[in-house]
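S.K.:
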Amino acid sequence: MALASIRPAAVAGQFYPRDERVLRTQLAEMLSTAVAFESAPAPKAIIVPHAGYMYSGPVAASAYALLAPLRERIRRVVMLGPTHRVAVRGFSLPAAQRFATPLGEVPVARGDWEALQARDDVLVDDRPHALEHCLEVQLPFLQVCLERFEIVPVLVGDASPEATASLIERLWGGPETLILISSDLSHYLSYREAQWSDRAAVDQVLELRPGLDHEQACGATPINGLLLAARKHDLQAHLLDLRNSGDTAGDRSRVVGYTSIAFCEAEPPSHARH
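Its first residue numbered 140, the sequence shown is counted upward by one per residue in our numbering.
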């Protein structure tokens, strides 16, 4: 397969501003006003939502604001999200080697791209990525929050939590690597129903209990994979924000739920006073 060099921005002008200056201004405003529910140390992994910025941008910003101290440390972002338009068996990597946004181009980590193809459940195909928004909407946040970085963009289709966890484990890396899971929560429930469903889903994530279904989160499969990996690595989950589109954009008759959660290495216990 010939390598398509650049995957162009597909949802600029829809999910986020197409104009670079307007986009930078909006990102700066969301990041400067982000207030996390719970303070968290430097994250190894984050779950962030992927709707239009007017809906979920402020929720996502609560996670991205934590990256400021890691601006120069994080060089590689492993991105997993669900496919919304094209069915995928297993996992899909793009053929494209760069992803474009109004803020510039982000390179794909070529070594990881090549190594993952040794798995029989990974296919290289630009089609699932061409119009998919779940990873693209994260890139402008990463571009303003990090110095220089590469991405490993993986769309997750029909895969088991165990297979997803093994793929995440293969890409775990060290302090230079951030694992990013892109997922919204419930879809089109009433405001009160969504609050109940989303709180239950988030509590399950905070307890590192896999088993989320796709009614609870569209990215349930990558989330469940992350939870298995987080348990193995003794990470602690910190709730940063939990809201829905009725909180951010008004209409409360049918809403979509959003959360940001950070997964951090457990802090060593402080010595008790004798």
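Glycine included, each C-beta is placed from N, C-alpha and C at the ideal position.
(1) Can you look up residue 152 in the DSSP assignment and give me helix, strand or coil?
(2) For the region 214–264, list the beta strand (DSSP E) runs that are entirely contained and at least 3 residues long, ordered along the chain.
(3) Check each candidate in 198, 252, 185 and name the one with the smallest Cα separation from residue 100.
(4) Let me know the secondary structure DSSP gives residue 378 once reduced to three states.
(5) Leaving aside the five residues before and after residue 191 along the sequence, list all residues of the same chain whose C-beta is less than 6 angstroms from its C-beta, in chain order.
(6) So the candidates are 303, 165, 283, 352; which of them puts its Cα closest to the Cα of residue 217?
(7) For residue 295, which residues does DSSP report across the bridge?
(8) Rounded C-beta distance between residue 360 and residue 197? I'm assuming under 8 angstroms.
(9) Quick check: what's the CA-CA separation for residue 265 versus residue 247?
(10) Taking all protein chains shown into account, do 16 or more other C-beta atoms lie within 10 angstroms of the C-beta of residue 413, making it buried, or fewer, making it exposed?
(11) Measuring alpha carbon to alpha carbon, tell me which of 227, 292, 220, 322 ends up nearest residue 255.
M.R.: So, from the listed chains and residues:
(1) coil
(2) Unbroken beta strand (DSSP E) stretches of 3 residues or longer found wholly inside the region 214–264: 215–221, 230–232, 237–240, 243–246, 261–263, given in chain order.
(3) With the chain represented from 140 up to 413, any question about residue 100 goes unanswered, as that position is not in the structure.
(4) strand
(5) Cβ within range, chain order: 154.
(6) 303
(7) DSSP lists 221, 230 as partners of residue 295.
(8) The Cβ separation is near 26 angstroms, so there is no contact.
(9) 13 angstroms
(10) Only weak support is given to the placement of residue 413: the predicted model assigns it a pLDDT of 45, under 50, and the question is left unresolved by the model.
(11) 292
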